[in-house]
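Trainee: The letter at position 388 of the sequence shown is residue 653 when you use the working numbering, and the numbering goes up by one with no holes.
We put the beta carbon where it would ideally sit given N, CA and C, even for glycine.
Please read all numbers here as calculations on a predicted model, not as lab measurements.
Here you go, one structure.
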Amino acid sequence: MPASPDPVALAARGPWRAVARGTGLLAADPAGGERIAPTIFAEMSALAARTGAINLGQGFPDVDGPAFIADAAIAAIRAGRNQYPPGDGIAELRQAVAAHQARHYGLAVDPDAEVLVTTGASEGLAAALLALVEPGDEVITLEPFYDLHAACIALAGATHVPVALRPTPDGFRLDVEALRAAASARTRLILVNDPHNPTGAVLTAGELEAIAVVARERDAIVLTDEVYEHLCYDDATHLPIATLPGMADRTLTVSSSGKTFSFTGWKIGWVVGPAALVTAVRTVKQFLTYVSGAPFQPAIAQALADDQSPRELARSLAARRDLLCDGLAAAGFAVTRPRGTYFVVADGAGLGFPDGADLARRLPDLAGVVGIPLTAFCRPGSPTWQALRSSVRFTFVKREEVLREAVTRLARLG
Numbered sequence: 266m267p268a269s270p271d272p273v274a275l276a277a278r279g280p281w282r283a284v285a286r287g288t289g290l291l292a293a294d295p296a297g298g299e300r301i302a303p304t305i306f307a308e309m310s311a312l313a314a315r316t317g318a319i320n321l322g323q324g325f326p327d328v329d330g331p332a333f334i335a336d337a338a339i340a341a342i343r344a345g346r347n348q349y350p351p352g353d354g355i356a357e358l359r360q361a362v363a364a365h366q367a368r369h370y371g372l373a374v375d376p377d378a379e380v381l382v383t384t385g386a387s388e389g390l391a392a393a394l395l396a397l398v399e400p401g402d403e404v405i406t407l408e409p410f411y412d413l414h415a416a417c418i419a420l421a422g423a424t425h426v427p428v429a430l431r432p433t434p435d436g437f438r439l440d441v442e443a444l445r446a447a448a449s450a451r452t453r454l455i456l457v458n459d460p461h462n463p464t465g466a467v468l469t470a471g472e473l474e475a476i477a478v479v480a481r482e483r484d485a486i487v488l489t490d491e492v493y494e495h496l497c498y499d500d501a502t503h504l505p506i507a508t509l510p511g512m513a514d515r516t517l518t519v520s521s522s523g524k525t526f527s528f529t530g531w532k533i534g535w536v537v538g539p540a541a542l543v544t545a546v547r548t549v550k551q552f553l554t555y556v557s558g559a560p561f562q563p564a565i566a567q568a569l570a571d572d573q574s575p576r577e578l579a580r581s582l583a584a585r586r587d588l589l590c591d592g593l594a595a596a597g598f599a600v601t602r603p604r605g606t607y608f609v610v611a612d613g614a615g616l617g618f619p620d621g622a623d624l625a626r627r628l629p630d631l632a633g634v635v636g637i638p639l640t641a642f643c644r645p646g647s648p649t650w651q652a653l654r655s656s657v658r659f660t661f662v663k664r665e666e667v668l669r670e671a672v673t674r675l676a677r678l679g
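This is the structure:
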């Protein structure tokens with residue numbers, strides 16, 4: 266009789282260790298070996314639920330988006346649009362995405378060859394990285410970085426090369442010299458998150474051109490995560506890097522409906538770019554989810570024709586941003602006011618907390634509020650991790666009354 270397989274030994278053969286290592290989740294087990302630590306997001310959400318604290322850690326709205334979009338999805342369900350849609354996404358959504366790119370950015374996109382509908386931006390990013398990079402390749406990202414970026418780079422077996430966004434009086438700004446120094450003959454892809462989570466930075470035309478120069482010099486692909494493209498404030502304007510000279514042919518743009526229309530659970534995203542690159546992404550994507558969101562796709566096609574709803578959301582979020590930023594500053598935090606996304610970075614060093622992770626874990630008892638330490642978005646021990654060690658990320662995509670209560674609670678710290 267054959268011996269029973271050892272599950273630990275079997276698991277050790279898989280790529281999960283690389284993913285866990287890439288996201289800082291692979292930890293030493295006191296009993297020996299390695300274990301997966303829970304993400305800080307799961308830990309903080311559980312802490313909020315256990316203590317009754319206001320959860321400003323998780324970045325999702327606490328109200329739904331426009332009713333006409335929900336009604337369109339309901340109508341699609343009742344009309345029987347509930348089976349597998351086409352692998353590329355339904356034609357009306359691909360056409361709506363192409364029209365959106367032309368209307369907002371002047372980009373001419375072929376909806377049949379240059380648009381791919383995905384299960385949210387997450388799948389688009391994952392499929393792109395799995396399709397386009399391999400062991401030995403280097404992928405440059407901005408740091409702090411969204412954790413999915415690091416995980417997918419690790420899953421592809423590539424080398425992650427972070428480049429710092431540095432806090433300045435004008436917000437977080439790209440270290441252009443560090444970017445140039447990071448690029449090498451092995452740079453295959455540059456992953457740009459703009460507007461940027463978690464810092465709220467909106468890259469300037471000069472910063473984007475610096476990235477474009479490196480991409481052209483190294484013949485690298487640029488993969489952009491633009492899910493917050495319509496959530497910019499003050500005088501900030503989102504400029505897709507694909508609009509810069511010579512960049513459309515080497516850029517894959519990823520976005521989604523979740524942040525723009527406040528339907529994050531629908532997971533309707535898309536990838537736009539030159540046909541050859543989109544074909545490569547499609548080749549991988551068809552073996553991930555294949556298709557999804559059949560009745561939501563026609564609803565989002567209708568939503569993309571509406572430019573007013575995103576503008577109204579951005580105006581509302583700008584007011585809620587100011588409410589939270591002012592409250593954090595009054596409580597004693599040093600606040601970097603974001604110009605995009607729905608996150609704000611607050612430094613707790615002035616309150617006597619040099620360790621943002623420690624502060625985040627203590628905030629539920631100290632003030633009845635939960636945030637996420639910024640080091641969760643950095644490589645452990647990196648210079649950026651050290652520079653931002655005392656900072657915490659909070660979200661302001663909550664109802665005004667929730668934010669007012671959070672501000673009242675945070676005042677206890679001051």
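To the nearest angstrom, how far is it from the Cα of Ala559 to the Cα of Tyr349?
Mentor: Near 6 Å, if we compare the C-alpha coordinates of Tyr349 and Ala559.
Trainee: Using only alpha-carbon positions, find the residue among Ala450, Leu578 and Glu408 that is nearest to Arg220.
Mentor: Outside the displayed span of the chain (266 to 679) sits residue 220, for which this structure offers no information.
Trainee: For Asp490, which beta-bridge partners are listed by DSSP?
Mentor: Asp490 is bridged to Asn458 and Val519.
Trainee: Let's see if you can read the secondary structure: which residues bound the beta strand (DSSP E) around Ile533?
Mentor: Segment Ile533 to Val537, the beta strand (DSSP E) holding Ile533.
Trainee: Cutting at 8 Å between CB atoms, please list the residues of its own chain near Ile305, excluding the five before and the five after it.
Mentor: Closer than 8 Å at Cβ, skipping near neighbours: Ala622, Ala625, Ile637, Pro638 and Ala641.
Trainee: So Ile418 is in the alpha helix (DSSP H); what residue range does that whole segment cover?
Mentor: Its alpha helix (DSSP H) spans residues Asp412 to Ala421.
Trainee: Using DSSP bridges, identify the partner residues of Val600.
Mentor: Val600 pairs with Ala611.
Trainee: Name the one or two DSSP bridge partners that Ser656 has.
Mentor: Bridge partners of Ser656: Asp612.
Trainee: Where does Phe561 fall in DSSP's three states?
Mentor: Residue state, collapsed to three classes: helix.
Trainee: Looking only at its own chain, which residues have a Cβ that is under 8 Å from the Cβ of Leu553, when we skip the five neighbours before and after it?
Mentor: Only Thr384, Glu388, Ala391 and Ala392 meet the Cβ criterion.
Trainee: Using a Cβ-Cβ cutoff of less than 6 Å, which residues in the same chain neighbour Pro463 once the five nearest sequence positions on both sides are dropped?
Mentor: Contacts found: Pro409, Phe608, Phe642 and Arg658.
Trainee: State buried or exposed for Val543, treating a residue as buried only when at least 16 other CB atoms are found within 10 Å of its CB.
Mentor: Buried: at least 16 other Cβ atoms inside 10 Å.
Trainee: For Thr508, does the three-state DSSP call read helix, strand or coil?
Mentor: DSSP places Thr508 in helix when its eight states are reduced to three.
Trainee: Can you tell me which of the three DSSP states Ala448 falls into?
Mentor: Reduced to three states, the DSSP call for Ala448 is coil.
Trainee: At the level of alpha carbons, what is the spacing between Tyr251 and Leu504?
Mentor: A question about residue 251 goes unanswered here, because the residues of the chain that appear run from 266 up to 679.
Trainee: Can you check whether the CB of Val549 is closer than 8 Å to the CB of Leu395?
Mentor: Contact: yes.
Trainee: On the three-pair Cβ rule with 8 Å, is the region 528-548 touching the region 447-463?
Mentor: Output reads no: the region 447-463 does not touch the region 528-548.
Trainee: By how many angstroms is the C-alpha of Ala313 removed from the C-alpha of Ala671?
Mentor: For Ala671 and Ala313, the distance between alpha carbons rounds to 13 Å.
Trainee: Judging by CA-CA distance, which residue of Asp327, Thr316, Asn320 and Ala307 is the nearest neighbour of Lys524?
Mentor: Among Asp327, Thr316, Asn320 and Ala307, the Cα nearest to that of Lys524 is on Asp327.
Trainee: With H, G and I counted as helix, E and B as strand and the rest as coil, what does DSSP make of Val467?
Mentor: In this structure, Val467 counts as coil in the three-state DSSP scheme.
Trainee: Alpha carbon to alpha carbon, how far is Gly324 from Ala318? Give it in angstroms, no decimals.
Mentor: Ala318 and Gly324: Cα-Cα distance of roughly 15 Å.
Trainee: Helix, strand or coil, according to DSSP, for Gly436 in the structure here?
Mentor: DSSP places Gly436 in strand when its eight states are reduced to three.
Trainee: To the nearest whole angstrom, what separates the beta carbons of Ala448 and Asp440, a pair I think is in contact under 8 Å?
Mentor: Ala448 to Asp440, Cβ: 13 Å. No contact.
Trainee: Beta-carbon separation of Ala595 and Ala676 under 8 Å?
Mentor: Cβ distance < 8 Å, so Ala595 and Ala676 count as in contact.
Trainee: For the beta strand (DSSP E) that contains Ile405, what are its first and last residues?
Mentor: Its beta strand (DSSP E) spans residues Glu403 to Glu408.
Trainee: From Ala337 to Ile355, what distance separates their C-alpha atoms?
Mentor: Ala337 and Ile355: Cα-Cα distance of roughly 15 Å.
Trainee: Should Gln651 be labelled buried (16 or more other beta-carbon atoms within 10 Å of its own) or exposed?
Mentor: With fewer than 16 Cβ atoms within 10 Å of its Cβ, Gln651 is classed as exposed.
Trainee: How would you label Pro575, buried or exposed, when you count the other beta carbons within 10 angstroms and need 16 or more for buried?
Mentor: Buried: at least 16 other Cβ atoms inside 10 Å.
Trainee: Which value, in whole angstroms, describes the spacing of the CA atoms of Leu680 and His425?
Mentor: The structure shown does not extend to residue 680, since the chain is modelled only from 266 to 679, so the question has no answer here.
Trainee: Tell me where the alpha helix (DSSP H) around Val398 begins and ends.
Mentor: No alpha helix (DSSP H) holds Val398; DSSP gives it neither H nor E.
Trainee: Given Tyr555, which residues of its chain have a CB within under 7 Å of its CB, disregarding the five upstream and five downstream residues?
Mentor: The residues are Gly352.
Trainee: Looking at the ligand ZN, does it come within less than 7 Å of Ala641, judged from the CB to the closest heavy atom?
Mentor: The model on display carries no ligand, and the ligand ZN is accordingly not part of it.
Trainee: Is the Cβ-Cβ distance between Ala423 and Pro563 less than 8 Å?
Mentor: In this structure, Pro563 does not lie closer than 8 Å to Ala423 by Cβ.
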